[in-house]
Amino acid sequence: MSETTSTNEENKLPLNGRRAIPPNYSNDEENEVPEMEAFGLIPRGFNPRDYLRVVDIYMFKDPHEINKQQHHTDKYYNPKLIVRRGQAFQIQVDFNRPYNPETDQFWLEFWMGRYPQQNKGTYIPILVGNVLKPGQWGAKIIHRENNSIRLSIMSSTTCIIGKFRLYVAVLTPFGILRTRRNSATDTYILFNPWCQLDAVYLDDEKEREEYVLNDVGIVFHGNVEDVKSRSWSYGQFEENVLDACLFLMDKAELELSGRGNPIKICRVASAVINSRDEDGVIAGSWNNSYDHGIAPSAWTGSVDILLEYYSSKQPVRYGQCWVFAGVFNTFLRCLGIPARLITNYSSAHDNNANLRLDFFLDDEGKVDTRLTKDSVWNYHCWNEAWMTRPDLPVGFGGWQVVDATPQETSDGMYRCGPASVQAIKHGHVCFQFDAPFVYAEVNGDIFYTRMEKNGTQVIENIDTTHIGQLIVTKEVGGDGMMNITEEYKFREGSDEERLALETAVMYGVKKQSIQDTTYQPQTDVDMDFQSQKAVLGNDFKVTITFRNKSRNTYTATTYLSGNIVFYTGVTKREFKKHSFSAKLEPSSSRSYDILIKSSEYMNDVLEQASFHFFVTARINETGKILAVQKAIMLEIPTLRIKTKGELVAGKESSVIVEFTNPLKQTLENVTLRLEGPGVLRTITKQFGRIPMNSTLTWEVRCIPMRPGLRKLIASLNSDALRHVYGELNVQVQKP
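In my numbering, the protein residues as written are 417 to 1151.
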């Protein structure tokens, strides 16, 4: 019997040799749903009005009503019903007469996409029963009055995420009567970190408030010795952002049936947020020229980027790592996946993932920039998303690294993750996806290798502690920094660390062991490099200190090379060369100061005002080389933001942004940008120029929408100066 029915089924569907139904990856497209689905010939006297008929459906979808309150979706600036999966919600159905359970039969239907199918989860019929089972689709009547009934509906905990169309169907003897297509009853279903059966369940309420509901965050940048922070507006609840995020999954052609799985969603999103494949959201640019676009440093949040992409369908120019990570965080939180933005200081971009970054020295001991292909980023931002990993052994769920910055390809596309943080810590890099790449970013060693004239390589120095020194994220419930380095790696030099490394090597991370190489370092002399606090436009000094722990007298021929670099560690220009001979007396220390003049660097300084110093010293008596490298960030001036009087929701107020130009030059082509979720939409203003030492004042009038604690974020961008930020916490009063 079963065999014949299956062949009949196949005969009915149009075949294309591979699949009967076209791919279904647009949440936006719809199919025609018949209002009258007849069972056969309809007798002449049939009048649908004689039967139970739906007059109206009430969705309880306003922010103050029960559904959005209970589902933590009241902040979404969206008039439709938004609920989280695996949790009951209520609707009311008004009929043309009282409902009689003895004789009347009706059910609900949720439809998604153009080719809905029940086995794919894109067509969901829900019969009305007496009891709701946790985590399964169902409905029951909780109140009856006159012609109305109130239903409690439970969705499945593995339900697809996206926008469903709702119909009510009534059974008559001659066919099924359905309600008309009505977009007002469309229902968005999201992930539910509050539900224990959901793959993204997070058990701490304070963490849920931070990682799902907070619409502002902090990006940590700068470098390991000079951590800087700036605010970023995620804006996941702003108007049209939810639709823009669903569109990204359509753009990535993620089959609708796969959209209940956070692993799949993260993986495709990490590819579609950069434009390297299939014209994704943001075009990256790391070369300091941003024609026909906006400099990465000028963005203050994700909303403008997502909405511009949603309307133009073209990559938005330009982004760098924190922009990719900021937009990715908005996407994840908007869909209900707990997410946080991570900064890894001294992040290795290891071109051949062998846990070894090679810096080549010439015969004088200077770094050869032609041969050196690996780079150390001052910092690199990525994201962590919280989920179970049923595809991995037990214990590798929880935080997963996902990274949308295009660095290397994975399975042929520029994407990275999700990779289990726990697996990276323990060296289990065999588990998908992209764990070896992330492991190398936080664990590489720096090899200083000298090329002999005959082409042999001599390893002069190895630095095992420079990479991944500090990994941080914003603290829960505050603007401070939380150090999470220990989640990624064991303490340097501990037995556990060595074991994790051996495990990673066993699972295929390439690692050249130090034993394989002829390497005897100079152990009785230490060299250290320190810098004074450096302010953009001023002179500052750097200090090289030698400590001779031996009983010998040494002389050290010392080279200092100062380079203006991109924050990715790639050099733009060497601006300072200095060499001297140092005499090192036995058992003593000696310091040498070198002055760095502003006139040496101001013409070429790049937007993040970042320098990279290499110092190499050859001990003449032994021929051994000491090497140290350090990134230095200049202090960049900030914007001041203030408000006139107190801010009241619904009343016009004023925000004032001020900036004083501290440079010894006029700033040209100045653009200011101001935004604050719930207070004002992003506003930009062009100013021609700001002469040196003069102050610019910009007053913006706005009507704050939402009461509560809010944040205003501003940025200034100009030809000579970028990465200028200001922020202000404001309390918006209730009217």
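Ideal placement from N, C-alpha and C gives every residue a C-beta, glycine not left out.
Margin query: Let me confirm a value: D695 is counted as buried when at least 16 other C-beta atoms fall within 10 Å, else exposed. Which label applies?
Written below: exposed
Notebook entry, point to check: Cα-Cα, which of L777, N794 and L543 is closest to V640?
Noted result: N794
Note to self: Do G884 and N859 have their beta-carbon atoms positioned less than 8 Å apart in this structure?
What the structure shows: yes
Notebook entry, point to check: From I930 to V921, what does the alpha carbon distance come to, in whole angstroms?
Noted result: In this prediction, I930 has a pLDDT of 49, which is less than 50 and means its spatial position is unreliable; nothing more can be read from the coordinates.
Check: Taking the Cβ atom as the reference point for each residue, do D944 and K965 lie within a distance shorter than 8 Å?
Finding: no
Notebook entry, point to check: Does the separation of the CB atoms of S977 and K1127 fall below 8 Å?
Noted result: no
Check: How many angstroms separate the CA atom of T919 from the CA atom of V810?
Finding: 18 Å
Note to self: Within a Cβ cutoff of 6 Å, which residues of the same chain sit near E453, ignoring the five residues on either side of it in sequence?
What the structure shows: G591 and I592
Next item on the list: Look at the Cβ atom of T716, then the Cβ atom of E1074, and state whether they are nearer than 8 Å.
Entry: no
Next item on the list: Return the Cβ separation of Q816 and T746 in integer angstroms, given the expectation that the two are a contact with Cβ distance under 8 Å.
Entry: That belief does not hold up - the Cβ atoms of Q816 and T746 are roughly 17 Å apart, past 8 Å.
Check: CB R500 to CB G752, shorter than 8 Å?
Finding: yes
Note to self: What would DSSP say about P834, mapped onto helix, strand or coil?
What the structure shows: strand
Note to self: According to DSSP, is E1084 part of a helix, a strand, or is it coil?
What the structure shows: strand
Note to self: Using only CA atoms, which one of R460, R675, I634 and H559 lies nearest to Y1141?
What the structure shows: I634
Next item on the list: Would you list, in sequence order, the uninterrupted beta strand (DSSP E) runs of no fewer than 3 residues that lie entirely inside the region 863-931?
Entry: 873-879, 886-890 and 897-899
Notebook entry, point to check: So L1050 is in the beta strand (DSSP E); what residue range does that whole segment cover?
Noted result: That residue, L1050, is in no beta strand (DSSP E); it is neither H nor E in DSSP.
Checklist line | Backbone CA spacing between V837 and R513 [nearest angstrom] | finding: 58 Å
Notebook entry, point to check: Hey, how far is the Cα of D827 from the Cα of A1136?
Noted result: 40 Å
Margin query: Check this for me: beta carbons of T1082 and T1100, under 8 Å apart or not?
Written below: no
Note to self: Once the 5 residues before and after E913 are set aside, which same chain residues still bring their CB inside 7 Å of it?
What the structure shows: K905, F906 and R907
Margin query: Report the CB separation of R683 from I576 in whole angstroms; it is logged as a contact under 8 Å.
Written below: With 8 Å as the limit, R683 and I576 do not qualify as a contact, their Cβ atoms being about 16 Å apart.
Notebook entry, point to check: Where do the ends of the beta strand (DSSP E) carrying K1127 lie?
Noted result: G1124 to N1133
Check: Does the distance from the C-beta atom of V586 to that of L468 stay below 8 Å?
Finding: yes
Check: Mind pulling the beta strand (DSSP E) runs of 3 or more residues that sit fully within the region 456-539?
Finding: 470-474, 497-500, 505-511 and 522-527
Check: What first and last residue would you give for the alpha helix (DSSP H) that runs through L748?
Finding: C737 to L751
Check: Buried or exposed: P1002, going by 16 or more other Cβ atoms within 10 Å of its Cβ?
Finding: exposed
Note to self: Only counting the same chain, and skipping five residues up and downstream in sequence, which positions put a Cβ closer than 6 Å to that of N1145?
What the structure shows: K1127
Next item on the list: Look at V616 and P550 and say whether their C-beta atoms are less than 8 Å apart.
Entry: no
Check: Can you name the start and end residues of the alpha helix (DSSP H) that M665 belongs to?
Finding: V657 to K667
Checklist line | Identified DSSP bridge partners for F1153 | finding: No statement about residue 1153 is possible, as the shown extent of the chain runs from 417 to 1151 and does not include it.
Check: In whole angstroms, what separates the C-alpha of F522 from that of I507?
Finding: 14 Å
Next item on the list: Give me the Cα-Cα distance between V1148 and V1071, rounded to the nearest whole angstrom.
Entry: 13 Å
Margin query: Can you determine whether any heavy atom of the ligand PLP sits closer than 7 Å to the C-beta of I758, and answer yes or no?
Written below: This structure does not include the ligand PLP; it has no bound ligands of any sort.
Checklist line | Euclidean distance between Cα positions of I1106 and N440 | finding: 54 Å
Margin query: I need the DSSP call for K841, collapsed to helix, strand or coil.
Written below: helix
Notebook entry, point to check: Just to confirm, are Y983 and S1026 a CB contact at a threshold of 8 Å?
Noted result: yes
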